[in-house]
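**Student:**
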């Protein structure tokens, strides 16, 4: 039995007519770049995430970059952009256990990513490690709500407030996730979403969004996403081409109406895995904190003999993923920062043990059973 890690074809088939109608409306009007469909989608996401302002941009990575630019982080000492070791550069504290775009955006802005370790239960930033990493050059804290569960935002917020630092939520994997009833994207100075096609709310290509409660910051982001242009051909800052395509916004508006139902299905699949894998000592299932709403962008286990298990599952037609096999602190492009193996032990252990199983809303019960029984069969050999 084949079990794909994602089944976007089946998902699209269920909403095909709605998506085509929405996209056709955009094409008929030919306002295809940052047009009215984007304004509509921005308002919808702002309401969904309890944010005062939402600005559609070209990708989740560009959302991070334009937010850092709008906050002026890295602008004065662009050493990191020129490939140096970032000596004397402004610092942004972030995890090494995440997608590259998080740290890459810090570097591209001209700041230095300062990598700290993770909580071994949730894979999110360890607030104590963050507090210990602050220096007089720290300009921001950039936590990542990894796999769909929010970070310890209260503890991180207290540290940020004590040092008068902005918090930029990387909520690329967490649209709809909650911390004590508060939505991802509503707790930090700003937040960044990704609508890459594989996300829980995925576009038909690249797209992203900046969320904030700060009207001035929202205005700066709006100007910077359009080459720093305050009015036609008048440029107050050097920005970039970070605009969202209207076609993406139109398709995403259709998908947003399905998001809570899709999340409920993901959560039900996660609960079913937890039940079926409870007796497998070699597997640690995800920990969902009591005050969280985990949206399970990924269902990630820790597995003994992870690579052997993955090969065994592949032989049985079961797709899986390793997010992520190498911490960012050990990537060759950041060698100049001076990190060495052993510096972030929990990050490095997670890189050796994590395995993402299919959890998408289109997963059929018999497919889920096949995955769970195959894991049991591997460890029973």
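Numbering (my numbering), first residue to last: 1 to 381.
Quick reminder that beta carbons are idealized off the backbone N, C-alpha and C, glycines included.
Nearest by alpha-carbon distance to residue 35: which of 268, 245 and 254 is it?
**Tutor:** In the chain shown, counting from the first residue as 1, residue 35 sits at position 35. Among 268, 245 and 254, the Cα nearest to that of residue 35 is on 245.
**Student:** On the DSSP bridge list, what partners appear for residue 183?
**Tutor:** In the chain shown, counting from the first residue as 1, residue 183 sits at position 183. DSSP output for residue 183 lists 178 as bridge partner(s).
**Student:** Is it the case that the CB of residue 244 approaches a heavy atom of the ligand HEM more closely than 6 Å?
**Tutor:** Absent from the structure shown: the ligand HEM. Ligands present: none.
**Student:** Quick test of your reading: residue 273 and residue 285, contact by CB under 8 Å. State the CB separation rounded to the nearest angstrom.
**Tutor:** Along the chain shown, read from residue 1 onward, the residue named residue 273 stands at position 273. Along the chain shown, read from residue 1 onward, the residue named residue 285 stands at position 285. Correct: roughly 7 Å between the Cβ atoms.
**Student:** Less than 7 Å between C-beta atoms, sequence neighbours within five positions excluded: which residues of the same chain meet that for residue 105?
**Tutor:** As a working note, residue 105 is residue 105 in the chain shown. If we look at residue 105 and ignore the five residues flanking it on each side, its Cβ neighbours are 61, 64, 65 and 68.
**Student:** With distances taken between CB atoms, is the gap from residue 250 to residue 32 smaller than 7 Å?
**Tutor:** Residue 250 sits at position 250 when you count from the first residue of the chain shown. Residue 32 sits at position 32 when you count from the first residue of the chain shown. No.
**Student:** Do you know how far the Cα of residue 327 is from the Cα of residue 119?
**Tutor:** Translated into the one-based positions of the chain shown, residue 119 becomes position 119. Translated into the one-based positions of the chain shown, residue 327 becomes position 327. When rounded, the distance between both Cα atoms is 14 Å.
**Student:** List the endpoints of the continuous beta strand (DSSP E) containing residue 138.
**Tutor:** Locating residue 138 in the chain shown gives position 138, counting from the first residue. Where residue 138 is concerned, the enclosing beta strand (DSSP E) stretches over 138 to 141.
**Student:** What do you reckon, are the CB atoms on residue 271 and residue 4 nearer than 7 Å?
**Tutor:** Taking the first residue of the chain shown as position 1, residue 271 is located at position 271. Taking the first residue of the chain shown as position 1, residue 4 is located at position 4. In this structure, residue 4 does not lie closer than 7 Å to residue 271 by Cβ.
**Student:** Closest by CA to residue 224, which one among 214, 231, 237 and 233?
**Tutor:** Numbered from its first residue, the chain shown carries residue 224 at position 224. Residue 237 is the option with its Cα nearest to residue 224.
**Student:** Examine the Cβ distances between the stretch 163 to 181 and the stretch 287 to 304 and report whether three or more of them are shorter than 8 Å.
**Tutor:** The stretch 163 to 181 is in contact with the stretch 287 to 304.
**Student:** Give the range of the alpha helix (DSSP H) segment to which residue 26 is assigned.
**Tutor:** Translated into positions along the chain shown, residue 26 becomes position 26. Note, residue 26: alpha helix (DSSP H), 8 to 29.
**Student:** Would you kindly work out how many angstroms separate the C-alpha atoms of residue 48 and residue 310, rounded to a whole number?
**Tutor:** Here residue 48 refers to the residue found at position 48 of the chain shown. Here residue 310 refers to the residue found at position 310 of the chain shown. Cα to Cα, residue 48 sits roughly 37 Å from residue 310.
**Student:** Using C-beta distances below 6 Å, list every residue in its chain close to residue 263, excluding the 5 sequence neighbours before and after it, in chain order.
**Tutor:** Translated into positions along the chain shown, residue 263 becomes position 263. Cβ within range, chain order: 176 and 295.
**Student:** Mind pulling the beta strand (DSSP E) runs of 3 or more residues that sit fully within the stretch 195 to 251?
**Tutor:** Counting whole runs of 3 or more residues, the stretch 195 to 251 contains the beta strand (DSSP E) stretches 208 to 212 and 229 to 231.
**Student:** Suppose you measure from the CA of residue 350 to the CA of residue 100; what does that come to, to the nearest Å?
**Tutor:** Mapped onto the chain shown, residue 350 falls at position 350. Mapped onto the chain shown, residue 100 falls at position 100. Going from the Cα of residue 350 to the Cα of residue 100 covers about 16 Å.
**Student:** Over the uninterrupted beta strand (DSSP E) stretch that includes residue 45, give me the two end residues.
**Tutor:** As a position in the chain shown, residue 45 is number 45, starting the count at 1. First-last for residue 45: 36 to 49, but that is the alpha helix (DSSP H), not the beta strand (DSSP E).
**Student:** Thinking just about the alpha-carbon of each residue, which of 38, 56 and 141 is nearest to the one in residue 95?
**Tutor:** Residue numbering aside, residue 95 sits at position 95 when the chain shown is read from its first letter. The residue with the shortest Cα to Cα distance from residue 95 is 141.
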